[in-house]
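J.: Sharing a structure, written as structure tokens. Questions coming.
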Amino acid sequence: MVSEASGDGPDGGRHGGQHGGRTGRYATDQGAVDTRVQEYYSGRTGWDEHARLTVGTAQGRVEHTRTQELVRQRLAPGARVLDVGGATGVHAAPLAEDGYDVLLVDPVAAQVARAGRHGTFEARVGDARNLGAPGLDLADDEFDAVLLLGPLYHLASRADRLLALREAVRVTRPGGTVAAAAITRLAGLVGGGYELFPPSAWQAILEHGHVPADIGFPAAHFHDAAELAAEAGEAGLSDVVVHGIEGPAGGALERVRLDAPEAPGLIDAALTLARALSTTPGVTDMSQHILAIGTVAP
Numbered sequence: 346m347v348s349e350a351s352g353d354g355p356d357g358g359r360h361g362g363q364h365g366g367r368t369g370r371y372a373t374d375q376g377a378v379d380t381r382v383q384e385y386y387s388g389r390t391g392w393d394e395h396a397r398l399t400v401g402t403a404q405g406r407v408e409h410t411r412t413q414e415l416v417r418q419r420l421a422p423g424a425r426v427l428d429v430g431g432a433t434g435v436h437a438a439p440l441a442e443d444g445y446d447v448l449l450v451d452p453v454a455a456q457v458a459r460a461g462r463h464g465t466f467e468a469r470v471g472d473a474r475n476l477g478a479p480g481l482d483l484a485d486d487e488f489d490a491v492l493l494l495g496p497l498y499h500l501a502s503r504a505d506r507l508l509a510l511r512e513a514v515r516v517t518r519p520g521g522t523v524a525a526a527a528i529t530r531l532a533g534l535v536g537g538g539y540e541l542f543p544p545s546a547w548q549a550i551l552e553h554g555h556v557p558a559d560i561g562f563p564a565a566h567f568h569d570a571a572e573l574a575a576e577a578g579e580a581g582l583s584d585v586v587v588h589g590i591e592g593p594a595g596g597a598l599e600r601v602r603l604d605a606p607e608a609p610g611l612i613d614a615a616l617t618l619a620r621a622l623s624t625t626p627g628v629t630d631m632s633q634h635i636l637a638i639g640t641v642a643p
């Protein structure tokens with residue numbers, strides 16, 4: 346499963362889920378998660394990931410802007426970029442527009458079809474855990490940079506997350522960059538999340554990253570910065586730095602529509618905070634999403 350969602354919020358209220366006392370089940374059945382991902386992002390639930398990051402809330406605008414900034418800092422002009430879990434091309438399209446050579450991969454055929462309509466980059470159906478599968482056949486050292494802006498959200502086991510990260514490392518040239526995003530454990534409790542989960546679920550989220558199976562968003566694991574850095578290092582990346590994407594103001598901006606008169610000022614303020622506190626210990630985990638950026642060893 347590799348769908349981007351680059352940051353769908355984990356709370357079921359915003360994404361059509363339910364809450365209550367069903368806290369004994371967590372999203373550990375990967376087959377069930379993969380099925381839910383197909384349903385969620387194919388349009389059958391009414392969810393539009395592209396709109397979330399472009400015309401939805403002030404949070405979406407901060408997340409998109411900040412992700413693009415962090416990624417572009419590591420890209421040379423004309424770099425060959427693989428966007429794994431790229432959804433409808435919300436990140437691939439602006440990169441391609443600015444001259445980067447982009448290939449998008451996503452497991453949801455409907456999203457790949459929509460991405461392909463941009464016409465400025467290639468889009469294929471595929472899974473983050475097997476980039477060498479028939480139809481993809483991606484070779485070693487083929488890209489200057491690989492983006493995983495969502496796949497790790499939807500992979501329940503550490504083994505599967507390491508598999509996706511190692512595949513990203515495999516297809517990236519020595520000295521190239523891998524950038525992998527995660528939803529933070531605190532994100533499950535901001536923007537109303539604390540109202541959705543009883544205390545027993547909070548503890549499982551905060552201590553282990555376990556996601557209740559009955560929320561609307563098909564998440565499977567929430568990270569903290571230390572865990573994400575450790576997984577990136579174990580997968581073979583060096584010089585790993587974990588950034589907070591939205592900064593500590595992101596959760597509050599979930600409640601501000603992008604067309605609200607106060608949105609521009611709040612977005613500017615949130616971006617200022619996010620940039621200033623991007624790697625500040627303890628503050629990084631206050632973002633809804635974090636981004637590990639590392640180098641493939643020569």
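Take any residue in the sequence shown, count from 1 to its spot, add 345: that is its number in the working numbering.
Glycine residues also receive a C-beta, built at the ideal position from the N, C-alpha and C atoms.
#1: Exposed or buried, HIS553, counting other C-beta atoms within 10 Å across all chains shown (16 or more means buried)?
#2: Look up TYR498 in the DSSP assignment and say whether it is helix, strand or coil.
#3: Among the candidates GLY376, ILE590 and THR390, whose CA atom is the shortest distance from the CA of PHE562?
#4: Based on the DSSP output, what are the partners of ARG469 in its beta bridges?
#5: Taking all protein chains shown into account, decide if GLY365 is buried (16 or more other Cβ within 10 angstroms of its Cβ) or exposed.
#6: Would GLU512 pass as a contact of LEU476 if the rule is Cβ separation under 8 Å?
#7: Which residue comes first and which comes last in the beta strand (DSSP E) that contains SER583?
#8: Pull up the distance between the alpha-carbon of GLY352 and that of VAL587, whole angstroms please.
#9: Do the CB positions of ALA527 and HIS395 come within less than 8 Å of each other?
#10: Rounded to the nearest angstrom, how far is the Cβ of VAL601 from that of ALA608, given a contact under 8 Å?
#11: Between the Cα of GLY610 and those of GLU384, ALA372, VAL407 and ARG370, spot the shortest distance and give me the residue it belongs to.
#12: Put LEU622 into one of helix, strand or coil per three-state DSSP.
#13: ARG485: which of PRO519, GLY495, ALA432 and ARG620 sits nearest, CA to CA?
#14: Going by alpha carbons, who is nearest to ARG417 out of GLY495, ALA437 and ALA615?
#15: Do MET631 and GLY578 have their beta-carbon atoms positioned less than 8 Å apart in this structure?
#16: Relative to the C-alpha of ASP504, which residue among GLY430, ALA580, ALA571 and ALA441 is closest?
T.: The structure says:
#1: On the sequence shown, residue 553 is found 208 positions in, with the first residue counted as 1. By the 10 Å Cβ count, HIS553 comes out exposed.
#2: Mapped onto the sequence shown, residue 498 falls at position 153. The DSSP-derived three-state label of TYR498 is helix.
#3: Numbered from its first residue, the sequence shown carries residue 562 at position 217. Of the listed residues, the one whose Cα sits closest to PHE562 is THR390.
#4: Residue 469 sits at position 124 when you count from the first residue of the sequence shown. Under DSSP, ARG469 forms a beta bridge with VAL450.
#5: In the sequence shown, residue 365 corresponds to position 20, counting from 1. The pLDDT assigned to GLY365 is 34, lower than 50, so where the model puts this residue is not dependable; a value taken from the coordinates is nonetheless given after this. That one is exposed.
#6: On the sequence shown, residue 512 is found 167 positions in, with the first residue counted as 1. On the sequence shown, residue 476 is found 131 positions in, with the first residue counted as 1. Cβ distance < 8 Å, so GLU512 and LEU476 count as in contact.
#7: Against the sequence shown, residue 583 aligns to sequence position 238. Note, SER583: beta strand (DSSP E), 582-589.
#8: Start at 1 with the first residue of the sequence shown, and residue 352 comes out as number 7. Start at 1 with the first residue of the sequence shown, and residue 587 comes out as number 242. Only weak support exists for where GLY352 lies, its pLDDT of 40 falling under 50; the value from the coordinates is given anyway. Between GLY352 and VAL587, the C-alpha separation is close to 16 Å.
#9: Counted from its first residue, the sequence shown places residue 527 at position 182. Counted from its first residue, the sequence shown places residue 395 at position 50. With respect to the 8 Å criterion, ALA527 and HIS395 are not classified as neighbours on the basis of their beta carbons.
#10: Locating residue 601 in the sequence shown gives position 256, counting from the first residue. Locating residue 608 in the sequence shown gives position 263, counting from the first residue. Contact between VAL601 and ALA608 holds: CB atoms are separated by about 6 Å, below the 8 Å threshold.
#11: As a position in the sequence shown, residue 610 is number 265, starting the count at 1. For the residues GLU384, ALA372, VAL407 and ARG370, the minimum Cα distance to GLY610 belongs to VAL407.
#12: If you number the sequence shown from 1, residue 622 lands on position 277. Coil, per DSSP.
#13: Walking along the sequence shown from the start, residue 485 turns up at place 140. Here residue 485 is Asp; the residue named in the question, Arg, does not match the sequence. The closest CA to that of ASP485, considering only PRO519, GLY495, ALA432 and ARG620, is found on PRO519.
#14: Stepping through the sequence shown from its first residue, residue 417 is reached at position 72. Per the Cα distances, ALA437.
#15: By 1-based counting over the sequence shown, the position of residue 578 is 233. By 1-based counting over the sequence shown, the position of residue 631 is 286. Contact check for GLY578 against MET631 fails: the beta carbons are separated by 8 Å or more.
#16: Locating residue 504 in the sequence shown gives position 159, counting from the first residue. It should be noted that the sequence gives Ala, not Asp, for residue 504. Of GLY430, ALA580, ALA571 and ALA441, the residue nearest in Cα terms is ALA580.
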